[in-house]
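Throughout the sequence shown, residue numbering follows numbering that gives the first Met the number 0, covering 0 to 74 in sequence.
Idealized CB from N, CA, C, for every residue including glycine.
Data block below; observations after.
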Amino acid sequence: MRSLEKKLFFEFITERASPVALSSIPESLLSDIEEYLFGRTVIKKNGGIAFYPEDFNDWIVKIKTKGLSYDIQLI
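Quick look at the structure:
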């Protein structure tokens, strides 16, 4: 089971107004966001991949209403 610090998780799942870098996503959440946003447009930001804020915010709503596609342990 993947682990993520509880404080980090709840700070992270907030909607954004600017693009969100893939590198900023906690490792334990990567599989879920990649599956959810597969096929959507990504952009380059500071030499890395980023998601449009609208798509990222849709994913945040999905987490809050339906949860992750797998279990993680909040520590």
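| Check | Outcome |
| --- | --- |
| Unbroken beta strand (DSSP E) run spanning isoleucine 48, endpoints | 47-50 |
| Span of the alpha helix (DSSP H), counted from its first residue to its last, around isoleucine 32 | 29-36 |
| Straight-line gap, valine 19 to methionine 0 (C-alpha atoms, nearest Å) | 25 Å |
| Assigned exposure category for phenylalanine 50 - 16 Cβ within 10 Å defines buried | buried |
| N- and C-terminal bounds of the beta strand (DSSP E) containing leucine 73 | 71-73 |
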